[in-house]
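Before any comments, here is the structure.
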Amino acid sequence: MPTATCSICGEEKPCGTSRTTGRPWCLDCQHRSASCSACGSVAAVISGTLDQPLCLDCTAPEVWHTCPTCSDPDYPHPGQCARCLINRRLNELLGPPSHALHPALEALRNDIATAEHPITARRWLNKPSVSPVLADLAAGRRALTHEALDELADSPPLAHLRQGLVGVGALLERDEYMVRLERFLTGLLASQQDPEDSVAQLLVTR
């Protein structure tokens, strides 16, 4: 969780965003109970301060109008909107927008950040078969080639990433079905004791 000033205890700690107040509160305060300064009942502290805690019934819910980062008026929820969360995650994986980043990866960043369905795009971006690959491509730990991606375990999220890289011109388009067929035949022949007999059998079968 991001570090912020807790709205209850005032300390700089990793904080979530309260769904009631829309303000940051730390894990300690999320599990704190006390005598409410307004009604006197002992209950979970929802807002207020350590000196004057307030329970849920005595907390006025925040009316959310905008995303606190981009001021999007169409996002009436606490915390950052989905697009801002995507951009934050992209910055974590690819680094901030920079001329040092491969132009194709910068184009891919823009495609992901402006996806029609940001929540779906964010879920895909956090897939374990996608996020580390993007980070490795940006850092130069993995070459931006089909062959480098072929070394990874095949999965639908990775296939979608490959398709995205083809779409922005980072990779040349290729026939993925033919590639899979070639892999299958290579594995089949390698599993036989006499590859020449295997080829003959395949030809006879055809």
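Going by our numbering, the sequence shown opens with residue 2, and the numbers climb by one from there.
The beta-carbon is built from N, C-alpha and C at its ideal position, and this holds for glycine as well.
Note the first and the last residue of the continuous alpha helix (DSSP H) segment covering residue i.
{"i": "Ala-114", "result": "104-114"}
{"i": "Cys-56", "result": "Element bounds for Cys-56: n/a, residue is neither H nor E."}
{"i": "Ala-83", "result": "83-95"}
{"i": "Cys-30", "result": "28-31"}
Quick test of your reading: residue i and residue j, contact by CB under 8 Å. State the CB separation rounded to the nearest angstrom.
{"i": "Cys-27", "j": "Pro-15", "result": "7 Å"}
{"i": "Asn-127", "j": "Arg-163", "result": "So it is not a contact: roughly 18 Å between Cβ atoms."}
{"i": "Ser-130", "j": "Leu-159", "result": "5 Å"}
Using 10 angstroms around the beta-carbon of residue i, count the other beta-carbons present and answer buried if the total reaches 16, otherwise exposed.
{"i": "Ala-140", "result": "exposed"}
{"i": "Gly-49", "result": "buried"}
{"i": "Arg-20", "result": "exposed"}
{"i": "Arg-84", "result": "buried"}
{"i": "Pro-77", "result": "With a pLDDT of 48 at Pro-77, under the threshold of 50, the modelled position of that residue is not reliable, and the figure given next carries that caveat. Exposed."}
With residue i as the anchor, note down where its beta strand (DSSP E) starts and where it stops.
{"i": "Cys-16", "result": "13-18"}
{"i": "Gly-99", "result": "Going by the sequence as given, residue 99 is Ser instead of Gly. Careful: Ser-99 lies outside any beta strand (DSSP E) and carries neither H nor E."}
{"i": "Ser-36", "result": "34-36"}
{"i": "Ala-61", "result": "Run containing Ala-61: none; DSSP gives neither H nor E here."}
{"i": "Ala-5", "result": "4-6"}
{"i": "Thr-45", "result": "Looking at the sequence provided, one finds Ala at residue 45 rather than Thr. Start and end: 43-45."}
**Request:** Enumerate, from N- to C-terminal direction, the unbroken beta strand (DSSP E) stretches of 3 or more residues contained entirely within the segment 117-179.
**Result:** none
**Message:** Counting beta carbon pairs with one atom in the segment 102-118 and one in the segment 168-177, are three or more of them shorter than 8 Å?
**Reply:** yes
**the segment 43-59 contacting the segment 85-99, beta-carbon criterion three pairs below 8 Å** = no
**Asked** For the segment 139-150 against the segment 113-125, are there 3 or more C-beta pairs whose distance is under 8 Å?
**Response** no
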